[in-house]
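The structure appears below as structure tokens.
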Amino acid sequence: MTKIFVTDIDGTLVGAGGEVHPRDARAIKELLRKQVPVALCTGRMFSGTREIAATFRLMGPVACIDGSHIFDLHSRGELSCTAIGKEAGTYVREALAMFRPAAFMFSGDRVIHDARGDRYLDYLSTWSDVRQRVADVVHPDVWRSETNVAALVLMGTEEAIMGMDRALHGVPGLQDIVFEVRRPDLAGSWGMVVRADGVDKGTAIAWLAQHYGGTVDDVVAVGDWLNDVPMLQRAGQSYAMAQAPEEVQAAAKFRLEADIWHGGGVAEAAERAGLI
């Protein structure tokens, strides 16, 4: 069975300025020349993924929103979606009304937000460029009209985000990741990603492997952040970027010498896996 090469986007293939290192670009093209399936597995929405996929003329499935949404790049059709359930969504909305962080609703292929999210729009710009501004994301009418919410990204103070985390802890049908936002212009901000339980980048690479006629043992994966942990744990060969947090590096089979600031992590992983 041919190996399947799966890479994260931000912090792995793409740097902070939106650039792909020339060495990594050459590696992707060489993988494709050798007919090695290449897939993207990202926290971005499909609308935020298409441009980078088009750069390399990728035409197969792409796993978005950490596996909650899988699309076909050729047809742009939806292949799989795991949305937040109605009952779990009620818990989320009630917690949002209590702690009032900025909330970004990932529904279909667009981001829905209100005025509280304006200061964070640049931070979320790579995830999707398709947005809809509403008066209040917490309003029941918004939740009634949106039945395909794959995730919510919450931004705010540490107090607000930790309050949300406590409120949603143990709620059936939900999972979340909490993180500190490390950007000077957003100093003191924290974030949280809330998604339906049961899907992650690990289940995404299993789906991708099956699509190509293999298993997770055939997957070579590379990533850099907390959402990559399930993927790095399940892949037959997995590589963590040098700048990745320790818990991410510990989840991978191998640690790369390359970091995102100097580039070359994707190329190093492909070379060490013997694919190019």
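Be aware that the sequence shown starts at 515, since it is given in this note's numbering, and climbs by one per residue. Every residue, glycine too, gets a C-beta built ideally from N, C-alpha and C.
Through-space distance from residue j to residue i, alpha-carbon basis
i	j	result
T596	D623	13 Å
V644	V780	28 Å
S594	H583	6 Å
K543	A609	46 Å
A784	I790	6 Å
H653	A710	20 Å
A611	D650	10 Å
A766	V743	8 Å
G532	A749	26 Å
E592	F570	21 Å
D732	L638	32 Å
V734	A758	17 Å
R680	F519	37 Å
F620	L545	32 Å
G728	A553	14 Å
D538	Y726	23 Å
S642	V667	12 Å
K600	L746	31 Å
A665	D738	20 Å
Reference residue i, options the options, closest by Cα
i	options	result
I719	D586, C555 and H588	C555
A701	A665, G670 and G728	G670
V648	G529, A568, A616 and Q747	A616
R697	E533, I626 and R633	R633
L527	E761, G778, L572 and F768	G778
I626	S659, T516 and R564	S659
C578	S752, T640 and D699	T640
S589	K600, A568, G599 and I598	A568
N741	Q763, P551, G599 and T661	Q763
K548	T516, T729 and G599	T516
V730	W739, V695 and S752	S752
Q724	G574, F768 and D699	G574
Integer-rounded CB distance, given that residue j should sit under 8 Å from residue i
i	j	result
G514	D580	The structure shown does not extend to residue 514, since the chain is modelled only from 515 to 790, so the question has no answer here.
G716	I675	Not confirmed; about 24 Å, so no contact.
A772	E782	5 Å
L770	A787	No, L770 and A787 are not in contact; Cβ-Cβ is about 11 Å, not under 8 Å.
V656	T521	Going by Cβ atoms, the distance from V656 to T521 rounds to 34 Å, so no, they are not a contact pair.
Residue interval of the beta strand (DSSP E) (run including residue i)
i	result
P551	Here P551 belongs to no beta strand (DSSP E), and DSSP marks it neither H nor E.
A710	S703 to A710
T521	I518 to T521
I566	Not the beta strand (DSSP E): I566 falls in the alpha helix (DSSP H), residues R564 to T569.
L688	L688 to E694
V736	V733 to G737
P575	P575 to C578
Enclosing alpha helix (DSSP H) for residue i [first to last residue]
i	result
F618	Looking at the DSSP string, F618 is not in any alpha helix (DSSP H); the run it does join, the beta strand (DSSP E), is A616 to S621.
S594	S594 -> not in any alpha helix (DSSP H); beta strand (DSSP E) instead, spanning E592 to C595.
M755	First-last for M755: undefined, no H or E at that position.
D679	E672 to L682
R607	K600 to F613
A772	Looking at the DSSP string, A772 is not in any alpha helix (DSSP H), and its letter there is neither H nor E.
V762	E760 to A765
I719	K715 to H725
D586	Careful: D586 lies outside any alpha helix (DSSP H), inside the beta strand (DSSP E) at H583 to D586.
P654	P654 to S659
R807	Since the first residue of the chain shown is 515 and the last is 790, residue 807 is not available in this structure.
Sequence-distant residues of its chain with Cβ nearer than 8 Å to residue i (five each side left out)
i	result
L682	Y605, V606, A609, L688, D690 and V708
G529	H535, I774, W775 and G777
L635	H627 and R645
Sequence-distant residues of its chain with Cβ nearer than 6 Å to residue i (five each side left out)
i	result
E672	W704
R630	A616
Same chain only: Cβ atoms within 7 Å of residue i, ignoring 5 sequence neighbours per side
i	result
A541	V780, A781, A784 and I790
V713	G581, S582 and T596
V685	A602 and Y605
V663	A597, I598, G603, M619, F620 and S621
D628	R647, V648, A649, D650 and V651
Residue i Cβ short of 6 Å to the ligand NAD heavy atom set
i	result
G581	Among the components of this structure there are no ligands whatsoever, and the ligand NAD is therefore not found.
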